[in-house]
Amino acid sequence: LRQCEQYLQLHPKMKMVETYDTAGSAKMIAENNLVGHAAICGRYAAELYGLKVLEDDIQTNKRNFTRFLVVTDPCNATEFKNQKAVDKASIAFTLPHSQGSLSAVLVIFSFYGMNLTKIQSLPIIGREWEYRFYVNLTFNDYTRYRQSIDAVRPLISDFKILGEYAEYK
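When you read off a place in the sequence shown, starting at 1, and then add 28, the result is the number in my numbering.
What follows is the structure, encoded as C-alpha coordinates:
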(Lines of atoms letter the chains of each structure in order from A; the text may use other names.)
(Lines give C-alpha, C1' and ligand atoms only; values in the text may rest on other atoms or scores of the structure.)
Protein backbone atom coordinates (compact mmCIF):
# COMPACT_ATOMS: atom_id res chain seq x y z
CA LEU A 29 0.00 0.00 0.00
CA ARG A 30 2.89 2.36 0.67
CA GLN A 31 3.95 2.15 -2.97
CA CYS A 32 0.61 3.78 -3.87
CA GLU A 33 0.41 6.14 -0.90
CA GLN A 34 -0.15 9.38 -2.83
CA TYR A 35 -3.00 7.85 -4.85
CA LEU A 36 -4.65 6.43 -1.75
CA GLN A 37 -4.46 9.80 0.02
CA LEU A 38 -6.63 11.21 -2.77
CA HIS A 39 -9.34 8.70 -1.76
CA PRO A 40 -9.65 9.07 2.04
CA LYS A 41 -13.04 7.30 2.22
CA MET A 42 -11.60 4.02 0.95
CA LYS A 43 -10.99 1.42 3.64
CA MET A 44 -7.60 -0.20 3.12
CA VAL A 45 -6.98 -3.82 4.04
CA GLU A 46 -3.51 -5.31 3.66
CA THR A 47 -3.15 -8.84 2.30
CA TYR A 48 -0.14 -11.09 1.83
CA ASP A 49 0.28 -10.32 -1.88
CA THR A 50 -1.27 -8.29 -4.68
CA ALA A 51 -2.27 -11.17 -6.94
CA GLY A 52 -3.69 -13.00 -3.93
CA SER A 53 -5.97 -10.07 -3.13
CA ALA A 54 -7.24 -10.04 -6.73
CA LYS A 55 -7.90 -13.78 -6.52
CA MET A 56 -9.75 -13.39 -3.20
CA ILE A 57 -12.02 -10.67 -4.63
CA ALA A 58 -12.80 -12.73 -7.72
CA GLU A 59 -13.36 -16.06 -5.95
CA ASN A 60 -15.60 -14.53 -3.28
CA ASN A 61 -17.40 -12.21 -5.73
CA LEU A 62 -16.71 -9.25 -3.45
CA VAL A 63 -18.74 -6.47 -5.06
CA GLY A 64 -17.52 -2.98 -4.18
CA HIS A 65 -14.00 -4.21 -3.43
CA ALA A 66 -10.84 -3.46 -5.39
CA ALA A 67 -7.30 -4.80 -5.39
CA ILE A 68 -4.08 -2.99 -6.06
CA CYS A 69 -2.46 -5.41 -8.46
CA GLY A 70 -0.87 -5.68 -11.84
CA ARG A 71 -2.89 -5.78 -15.04
CA TYR A 72 -1.94 -9.44 -15.56
CA ALA A 73 -3.45 -10.46 -12.19
CA ALA A 74 -6.61 -8.45 -12.89
CA GLU A 75 -7.07 -10.12 -16.27
CA LEU A 76 -6.19 -13.56 -14.88
CA TYR A 77 -9.02 -13.31 -12.33
CA GLY A 78 -11.50 -11.53 -14.60
CA LEU A 79 -11.40 -8.19 -12.81
CA LYS A 80 -11.86 -4.79 -14.44
CA VAL A 81 -8.88 -2.42 -14.23
CA LEU A 82 -10.26 0.77 -12.69
CA GLU A 83 -7.13 2.89 -13.00
CA ASP A 84 -3.59 2.37 -14.31
CA ASP A 85 -0.29 3.65 -12.95
CA ILE A 86 -1.34 4.52 -9.41
CA GLN A 87 2.10 3.92 -7.93
CA THR A 88 3.81 6.91 -6.33
CA ASN A 89 7.16 6.22 -8.00
CA LYS A 90 6.45 5.77 -11.71
CA ARG A 91 9.66 3.73 -12.10
CA ASN A 92 8.60 1.33 -9.35
CA PHE A 93 8.62 -2.40 -9.99
CA THR A 94 8.64 -5.51 -7.87
CA ARG A 95 11.44 -8.04 -7.93
CA PHE A 96 10.99 -11.70 -7.11
CA LEU A 97 13.67 -14.06 -5.92
CA VAL A 98 13.34 -17.73 -6.75
CA VAL A 99 15.21 -20.02 -4.39
CA THR A 100 16.01 -23.57 -5.43
CA ASP A 101 18.55 -26.33 -5.02
CA PRO A 102 21.37 -25.58 -7.51
CA CYS A 103 21.17 -29.18 -8.75
CA ASN A 104 17.58 -28.55 -9.84
CA ALA A 105 18.17 -25.09 -11.34
CA THR A 106 18.27 -25.50 -15.10
CA GLU A 107 17.21 -22.05 -16.25
CA PHE A 108 20.58 -20.29 -15.88
CA LYS A 109 23.15 -23.04 -16.22
CA ASN A 110 24.49 -21.12 -19.23
CA GLN A 111 26.74 -18.39 -17.82
CA LYS A 112 26.32 -16.38 -21.03
CA ALA A 113 22.68 -15.78 -20.06
CA VAL A 114 23.75 -14.22 -16.74
CA ASP A 115 24.43 -10.48 -17.02
CA LYS A 116 23.13 -9.10 -13.72
CA ALA A 117 23.75 -9.86 -10.06
CA SER A 118 22.46 -8.72 -6.69
CA ILE A 119 25.00 -8.84 -3.87
CA ALA A 120 25.22 -7.74 -0.24
CA PHE A 121 28.22 -7.02 1.97
CA THR A 122 29.45 -5.04 4.95
CA LEU A 123 32.49 -2.80 5.20
CA PRO A 124 34.62 -1.52 8.03
CA HIS A 125 33.64 2.00 9.12
CA SER A 126 36.78 3.65 7.78
CA GLN A 127 37.54 6.45 5.35
CA GLY A 128 37.49 5.32 1.73
CA SER A 129 36.36 1.73 2.34
CA LEU A 130 33.33 1.99 0.03
CA SER A 131 35.30 3.98 -2.53
CA ALA A 132 37.96 1.25 -2.71
CA VAL A 133 35.31 -1.38 -3.50
CA LEU A 134 33.65 0.80 -6.15
CA VAL A 135 37.00 1.45 -7.86
CA ILE A 136 37.57 -2.31 -8.16
CA PHE A 137 34.10 -2.88 -9.62
CA SER A 138 34.77 -0.09 -12.12
CA PHE A 139 38.14 -1.58 -13.08
CA TYR A 140 36.47 -4.89 -13.93
CA GLY A 141 33.77 -3.19 -16.02
CA MET A 142 30.88 -3.63 -13.61
CA ASN A 143 27.96 -1.21 -13.96
CA LEU A 144 26.27 -0.44 -10.64
CA THR A 145 22.56 0.00 -11.29
CA LYS A 146 21.63 0.23 -7.61
CA ILE A 147 23.42 0.71 -4.32
CA GLN A 148 21.56 0.94 -1.03
CA SER A 149 22.95 1.06 2.48
CA LEU A 150 21.00 0.03 5.56
CA PRO A 151 22.23 0.36 9.14
CA ILE A 152 23.04 -2.88 10.93
CA ILE A 153 20.92 -3.00 14.08
CA GLY A 154 23.03 -3.18 17.21
CA ARG A 155 26.25 -2.15 15.44
CA GLU A 156 26.74 1.61 15.50
CA TRP A 157 28.03 3.22 12.30
CA GLU A 158 28.03 -0.10 10.44
CA TYR A 159 26.01 -0.61 7.29
CA ARG A 160 25.08 -3.46 4.97
CA PHE A 161 25.32 -2.52 1.32
CA TYR A 162 22.95 -3.98 -1.27
CA VAL A 163 24.25 -3.64 -4.82
CA ASN A 164 22.90 -4.56 -8.25
CA LEU A 165 25.55 -4.99 -10.94
CA THR A 166 25.23 -5.47 -14.67
CA PHE A 167 28.05 -6.79 -16.82
CA ASN A 168 28.88 -8.19 -20.25
CA ASP A 169 31.42 -10.79 -19.14
CA TYR A 170 30.58 -13.30 -16.41
CA THR A 171 34.25 -14.17 -15.88
CA ARG A 172 35.14 -10.50 -15.26
CA TYR A 173 32.21 -10.28 -12.84
CA ARG A 174 33.53 -13.26 -10.85
CA GLN A 175 37.03 -11.76 -10.92
CA SER A 176 35.65 -8.50 -9.50
CA ILE A 177 34.01 -10.44 -6.66
CA ASP A 178 37.28 -12.22 -5.89
CA ALA A 179 39.12 -8.88 -5.95
CA VAL A 180 36.81 -7.16 -3.44
CA ARG A 181 36.51 -10.07 -0.99
CA PRO A 182 39.57 -9.05 1.09
CA LEU A 183 38.00 -5.60 1.62
CA ILE A 184 34.47 -6.68 2.60
CA SER A 185 32.75 -8.86 5.19
CA ASP A 186 29.52 -10.86 5.34
CA PHE A 187 29.48 -11.19 1.54
CA LYS A 188 26.46 -12.84 -0.08
CA ILE A 189 25.42 -13.30 -3.68
CA LEU A 190 21.65 -12.78 -3.50
CA GLY A 191 21.10 -13.74 -7.13
CA GLU A 192 22.62 -13.97 -10.59
CA TYR A 193 20.26 -13.69 -13.53
CA ALA A 194 19.54 -12.28 -16.97
CA GLU A 195 18.68 -8.60 -16.89
CA TYR A 196 15.11 -7.82 -17.93
CA LYS A 197 15.27 -5.94 -21.22
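Using N, Cα and C, we set each Cβ at its ideal position, and we do this for glycine too.
Its Cα nearest to that of Leu150, the residue Ala120 stands out among Ala54, Glu46, Gly52, Ala120.
Per DSSP, Ala117 is one residue of the beta strand (DSSP E) stretching across 116-122.
One Cα belongs to Ala51, the other to Val63, and the distance between them is close to 17 Å.
Residue pairing by DSSP places Gln148 opposite Tyr162 in a beta bridge. When DSSP states are grouped into helix, strand and coil, Phe167 belongs to the coil group. Within the same chain, Cβ atoms closer than 7 Å to the Cβ of Ala58 are found at Tyr77, Gly78, Leu79, the five residues on either side in sequence being excluded.
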